[in-house]
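The next block holds one structure in the form of structure tokens; read it before the comments.
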Amino acid sequence: MKIKMEKIKKIKAGTVFSKYAIYLVFLVMFIASIFMSDNFIKPSNLINILVQVSPILIIACGETMVIIAGMTDLAPGAVLALAGCVGIGVTIQTGNAFVGMVVSITIGIICGLISGIAVSRFNIPPFIATLAVMNIARGAAYVYTGGKTIYNIGDFAFFGQGTILGIRAPIVFMVLITVISYIILKHSKFGRYLYAVGGNEYAAVASGIKAKKIKLIAYLIIGAYSGFAGVILCSRINSGLPSTGQNYEFDAIIGAIIGGTSFTGGVGSMGGTVIGCLIIALLNNMMNLMNVQSYWQSIVKGIVIMLAVGIDMAKKKSKM
Numbered sequence: 001m002k003i004k005m006e007k008i009k010k011i012k013a014g015t016v017f018s019k020y021a022i023y024l025v026f027l028v029m030f031i032a033s034i035f036m037s038d039n040f041i042k043p044s045n046l047i048n049i050l051v052q053v054s055p056i057l058i059i060a061c062g063e064t065m066v067i068i069a070g071m072t073d074l075a076p077g078a079v080l081a082l083a084g085c086v087g088i089g090v091t092i093q094t095g096n097a098f099v100g101m102v103v104s105i106t107i108g109i110i111c112g113l114i115s116g117i118a119v120s121r122f123n124i125p126p127f128i129a130t131l132a133v134m135n136i137a138r139g140a141a142y143v144y145t146g147g148k149t150i151y152n153i154g155d156f157a158f159f160g161q162g163t164i165l166g167i168r169a170p171i172v173f174m175v176l177i178t179v180i181s182y183i184i185l186k187h188s189k190f191g192r193y194l195y196a197v198g199g200n201e202y203a204a205v206a207s208g209i210k211a212k213k214i215k216l217i218a219y220l221i222i223g224a225y226s227g228f229a230g231v232i233l234c235s236r237i238n239s240g241l242p243s244t245g246q247n248y249e250f251d252a253i254i255g256a257i258i259g260g261t262s263f264t265g266g267v268g269s270m271g272g273t274v275i276g277c278l279i280i281a282l283l284n285n286m287m288n289l290m291n292v293q294s295y296w297q298s299i300v301k302g303i304v305i306m307l308a309v310g311i312d313m314a315k316k317k318s319k320m
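Numbering follows full-length UniProt numbering, in which position 215 of the sequence shown is assigned residue number 215; successive positions increment by one, without gaps.
Written as structure tokens, this is what we have:
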């Protein structure tokens, strides 16, 4: 009896550690960053970190839903570029930044619709379907801009450079979308269905859940988020650049997985994704402050995502 109780205590301790380990990692990285650079703790740098991570975290909120449902999306970075460039173009033509923003989000939704239909209706593997949409969106961005950068974005700059109640606009938008995503995932029927479909699609369908509809909606959401992320990023860099947003989807996926979202579906949380993305932001900031070359940064991120997926798979096996 004592042996069983000890085993139960060990299992509970391991579960608690596993649940909160990500927060400990973030804390250690934050403290390490303070000692590694005097510039890190400056308010301007901390605000800059939040502004830079905002489009990534917004995309990651969508990726979290998609991955929980047992899928993935490789298109957000390219969709971001297309939506941002077209949004700026529309703003220049109409003189109305709000219209430009709406058009950007609409483009994102259309791209999400294409991915969603391909995956849910035609049973095309998510990797292939979203890879195709990624190439289409990136190519369309170059076609729309003629391969050139769009400048003179006018009032569109507000979304990435303005302030709301004294707080940088990208940070406000990031927080709002994260809170909305948390409510959707934690307190809505759709959120519960996402977990059910990702955990066991056959059982979910047998219980009456329309899995195809859930998958389609998940892609519509990440499409809208990607479009809005394009608004924020392109307005922040003050231009419509068709090559912008490259690898943003990977940073978002890494953030979600580091935060505890299982790549095999059925497990994940918005809180974990937030911490995961902040860890990626800290890592990027640390490497930039240390003047680490971009190609070395890519290598480090590649190693991080392999470790994150490896740990996730190991956890999955240990529970079997």
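Beta carbons: idealized from backbone N, C-alpha and C, even for Gly. The structure presented is a predicted model; accordingly, all values stated were derived computationally and were not measured.
- Between the stretch 275-288 and the stretch 26-37, the count of C-beta pairs closer than 8 Å reaches three or more; the two stretches touch.
- The C-beta distance from I275 to F40 rounds to 18 Å, too long to fall under 8 Å, and the pair is not in contact.
- As DSSP reads the structure, T64 sits in no beta bridge.
- Assignment of R121 by DSSP, reduced to helix, strand and coil, places it in the coil class.
- Contact between T273 and A69 does not hold, since their C-beta atoms are separated by about 14 Å, which reaches or exceeds 8 Å.
- One alpha carbon belongs to N48, the other to K210, and they sit about 42 Å apart.
- With contacts defined as CB atoms closer than 8 Å, M270 and T64 qualify as a contacting pair.
- When secondary structure is reduced to three states using DSSP, I258 falls in the helix class.
- About 6 Å separates the Cβ atoms of V119 and K215, confirming a contact at the 8 Å cut-off.
- Distances from the alpha-carbon of D155 to those of G199, V90 and T149 put V90 closest.
- Secondary-structure assignment with DSSP links I253 through no beta bridge to anything.
- Between Y248 and G87, the C-beta gap is not smaller than 8 Å, which leaves the two residues out of contact.
- Annotation: K186 to R192 spans about 7 Å, alpha carbon to alpha carbon.
- Per DSSP, the continuous alpha helix (DSSP H) segment holding F159 begins and ends at F158 to Q161.
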